[in-house]
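Below is one structure, written out as structure tokens; the observations come after it.
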Amino acid sequence: MNYGFEELIPRRREPITVTALNEYIKALLDGNDLLQRVSIRGEISNFKLHSSGHLYFSLKDDGGAVRAVMFRSAAAHLTFRPENGMKVTAEGNVSLFVRDGSYQLYVTALRPDGVGSLWQAYEKLKEKLNAEGLFSPERKRPLPQYPRVVGVITSPTGAAVRDILHILGRRWPMARVLVYPAVVQGPDAPASLVAGLSWFARPGAADTLIIGRGGGSIEDLWAFNDEGVARAVAASPIPVISAVGHETDFTICDFVADCRAPTPSAAAELAVPDKGEIARRITDAVLRAGILVHRAVGERRAMLSALIVRPPIRDPQSGIREKRMCIASLSDRCSYSAEACLGTAKSRYAAALAGLRTLDPMAVLARGYTVVEKDGLPIMRAAQIRERDEVSIGFADGRVRASVIGLLPGRPGEAADVSLPPEGIFSGRNEE
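Using this note's numbering, you'd call the opening residue of the sequence shown number 12 and step up by one each time.
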């Protein structure tokens, strides 16, 4: 079969370029009718959705794997979302990427073909642990704000541990970092991870724990889907940050941990604060405190200045003098009021006394009138007296006894004749 590239392969063994070789093999693949429309069944692995919209993944089975790409124009017609572990049937053509020298399947159509065994096991364990409450948000613990010791369980030779140590040292160098060298891939990985978790479970071993590794296929990350590892993470006495693979990778360990980080680098950033940010916050707090203190001092100075110029502070005697004047004024007002009240009372007393005097019988007697009594009773009419009656006559300065010797006819009010006894005048008492 002649593909038109015989001139690239000289009959003598003369060297050719790598590009020429890759182009020749690409031409062989592109010229094979069987490879131009092929249908392949396999399990998706290493799936990645590029920002351009292209899909990059591998198709694998028990015996091997092949790289595949599905461009955006073809991916736009998909009716489902491809995920790692899915069994699918892919249609397309096989060709070679000249730059890398690797052949791959250029997928034009993709349809589900069941779920892979690993994915089935993953979903079954996820459902079981979720039913037990190991994924419950209520059991998630907050991360310590300023950890003194940060524990790390990962491979001691991978890129993940270097990233974690670099970020921890840059952000929070005050923290001590303890790395437990664990196997993170293969059949020995689950036991190694559980041993690391047990080692950090000792009292005071660490304040925060990071467990994880860098990216890889679903098989590479499978140790973090182990039930024993998941239960050990859930039982950890200190908060655990799970940092397994890339941002799109999710493991059982992510769900049971107290916090999930998309990458190991992100886990380091979550584990400790940023010393630069803390320093800025302290500086801002000091500045704010200085401003508040300056403002408070200014306000107190203004208040003090206002107090100093007030008369009681500037001249304390002025207040005393003012109070004395007020007291003197009140005293004068009290004296005036007392005198006025006393004068009014005196006037009222004099008027009452004058009224009483007008009613005083002795005052009438003082004007020359007398009071005639018979048997101790005042005589109001002449008809009350008979001839030879003994009467008592009261004057202003005393009393006398008299005997009626006769009745005189006359107008009402004219007195009868009376004779005074020889004894004369008696002082102010009635006769017995």
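By construction, the Cβ of each residue, glycine as well, lies at the ideal position given by its N, Cα and C atoms.
These figures come from a predicted structure and were not determined experimentally.
Residue i versus residue j - alpha carbon distance
i, j, result
"D218", "H177", "19 Å"
"G287", "Y157", "14 Å"
"S414", "R368", "32 Å"
"S329", "P323", "7 Å"
"Y114", "E280", "39 Å"
"F235", "I289", "34 Å"
"N141", "F266", "9 Å"
"G226", "S56", "12 Å"
"V160", "R187", "5 Å"
"W183", "D285", "6 Å"
"P121", "G74", "It should be pointed out that residue 121 corresponds to Leu in this sequence rather than to Pro. Approximately 21 Å, taken between the alpha carbons."
"D269", "M81", "37 Å"
"L418", "M373", "27 Å"
"I222", "R312", "59 Å"
"A202", "V190", "17 Å"
"V194", "F58", "24 Å"
"G439", "R392", "Any reading at G439 must be qualified, since the residue scores a pLDDT of 42, below 50, and its modelled position is unreliable; no value is offered."
"Y35", "Q131", "42 Å"
"A206", "A241", "13 Å"
"Q196", "P167", "13 Å"
"G424", "I390", "Its pLDDT being 49, under 50, G424 is placed unreliably in this model, and the coordinates cannot settle the point."
"S228", "T262", "12 Å"
"G256", "V308", "57 Å"
"R92", "R173", "34 Å"
"N43", "N33", "16 Å"
"H88", "W233", "31 Å"
"E138", "A246", "18 Å"
"M12", "A85", "With a pLDDT of only 45 at M12, under the threshold of 50, the placement of this residue in the model should not be trusted, and no figure is reported."
"A31", "E25", "13 Å"
"L315", "P327", "16 Å"
"G112", "V251", "43 Å"
"S147", "S253", "16 Å"
"E434", "L370", "Any reading at E434 needs caution, since the residue's pLDDT is 48, under 50, leaving its predicted position unreliable; the model's value is listed next. One C-alpha to the other measures close to 32 Å."
"V383", "P420", "18 Å"
"L220", "L208", "9 Å"
"T355", "V402", "46 Å"
"G239", "A296", "47 Å"
"E102", "Q47", "10 Å"
"L318", "I338", "26 Å"
"I27", "E230", "39 Å"
"Q395", "Y360", "40 Å"
"I436", "A363", "Note that I436 scores a pLDDT of 42, beneath 50, so its modelled location is shaky; the value from the coordinates is reported in the next line. For I436 and A363, the distance between alpha carbons rounds to 34 Å."
"P192", "R224", "11 Å"
"L136", "L145", "11 Å"
"R83", "S106", "18 Å"
"K385", "R399", "12 Å"
"A216", "I164", "13 Å"
N-terminal and C-terminal residue of the alpha helix (DSSP H) that residue i is part of
i, result
"A296", "286–319"
"K37", "29–41"
"S84", "83–86"
"P275", "275–282"
"G180", "170–182"
Range of the contiguous beta strand (DSSP E) that encloses residue i
i, result
"G405", "401–405"
"S62", "Looking at the DSSP string, S62 is not in any beta strand (DSSP E), and its letter there is neither H nor E."
"G354", "Segment 327–370 is the alpha helix (DSSP H) holding G354; no beta strand (DSSP E) there."
"S414", "410–417"
"R187", "187–192"
"T165", "160–165"
"V383", "382–385"
Residue(s) in a DSSP beta bridge with residue i
i, result
"C270", "I252"
"I51", "A101"
"L388", "K385"
"V77", "L70"
"S56", "S69"
8 Å Cβ cutoff, residue i in contact with chain C
i, result
"A272", "The chain labelled as chain C is not found in the depicted structure, where only one protein chain is given."
query: Curious, which full-length beta strand (DSSP E) runs of at least 3 residues does the region 198–267 contain?
result: 219–224, 251–255
Margin query: So within the region 101–127, which uninterrupted beta strand (DSSP E) runs reach at least 3 residues, ignoring any that extend past its ends?
Written below: 113–126
Fill in: At least three beta-carbon pairs within less than 8 Å, the region 264–276 to the region 298–309
No, they do not touch.
Specify whether the region 44–60 and the region 83–98 touch according to this definition: at least 3 beta carbon pairs, one from each stretch, less than 8 Å apart. yes
Tell me, please, whether the region 105–125 touches the region 69–87 by the rule of three or more beta-carbon pairs shorter than 8 Å. yes
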